[in-house]
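These notes concern the structure reproduced below.
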Amino acid sequence: MTFELSHYNAALLFALCASTVFGITQRSTPRDMFRYGAYCFVLFAGGVIVASWAMWLIKH
Amino acid sequence: MANPQNTATVSQRSAKAAPASAGSMATIAPIAAWFFPGLGHFIQHRYIRGLLLMLAVFVMFFAGLGMQGKVYQFNTGDLLDILGFIGDIGTGLLYFVARSMDWGVGNIHRAVADYGTKYIVVAGLLNVIAAVDAHHIAIGKKS
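So the protein sequences, as listed, match chains A and B. Sequential numbering of the first sequence, starting at 2, is according to the numbering used here. Sequential numbering of the second sequence, starting at 401, is according to the numbering used here.
Structure, rendered in structure tokens:
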């Protein structure tokens, strides 16, 4: 069984799973869990995009 | 008519039983959570949290295996291999199933396989965080 993912999709799946666990474990109420999970997801996904552009700028 | 002496005895008994139950749950919940992702929350009636944690860890673990990531064996060699093993063993039962089925041999020819290896390690680390959370719920530090 092999699983084909692009690098970006792999990073997004990682962000989704990690954010879910962070949200549930780091906050107490469901509303705060959702907000914190979404915040972590945005930081993960945004960090990937920023790092990608930074590497592109360094190369060029 | 209720006997006041019997009522007092029952309330004293339940007062003693509650801390004992919380104490045993504080031990059982993190072990259960480590052994099977989400189980520590399930046994404390946090079904949705348990389900989401289970899904997150399972998806990461099996996506990692699907990307032909490596499952580390016990070793005393390279420091990164030792740390990889410690991360992997955090998945509990999943780790032992993967080892017994000989899954996760790795593939150095695929760049994504290295992502898979990291997925499996992080699945274990996230499961450890979930186990600590189950412990916090059991001791009343978190609702």
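In this text, a Cβ means the ideal position worked out from N, Cα and C, and glycines have one as well.
- Per DSSP, the unbroken alpha helix (DSSP H) holding B/N527 starts and ends at A511 to A538.
- Within the same chain, and ignoring the five residues on either side of B/D481 in sequence, the residues whose Cβ sits closer than 7 Å to its Cβ are Y472 and N475.
- DSSP, reduced to helix, strand and coil, places B/V471 outside both helices and strands of the structure shown, so it counts as coil.
- Residues are counted here when their Cβ sits less than 9 Å from a Cβ of chain B; for the region 5-16 of chain A these are E5, L6, S7, H8, A11, A12, L14 and F15, given in chain order.
- For A/V51, none of the residues of chain B pass the 7 Å Cβ criterion, the least Cβ distance being about 19 Å.
- B/A422 is positioned such that its CB atom lies closer than 8 Å to that of B/G540.
- Near chain A, meaning a CB-to-CB distance below 8 Å, no residue of the region 477-509 of chain B qualifies.
- Counting along the chain, no alpha helix (DSSP H) covers B/P437, and no H or E run does either.
- Rounded to whole angstroms, the gap between the alpha carbons of B/A523 and B/W434 is 11 Å.
- Here A/T26 really is in contact with B/I529; their C-beta atoms are around 5 Å apart, less than 8 Å.
- C-alpha of A/G47 to C-alpha of B/S424: approximately 42 Å in a straight line.
- Between the alpha carbons of A/M34 and B/A534 lies a distance of about 15 Å.
- Between B/L452 and B/W503 a beta carbon distance of about 24 Å is seen, past the 8 Å cut, so the two are scored as non-contacting.
- With respect to B/A426, B/A531 sits apart: the two C-beta atoms are not nearer than 8 Å.
- Of all alpha-carbon atoms in B/V521, B/L483, B/A511 and B/G477, the one lying nearest the alpha-carbon of B/A498 is that of B/V521.
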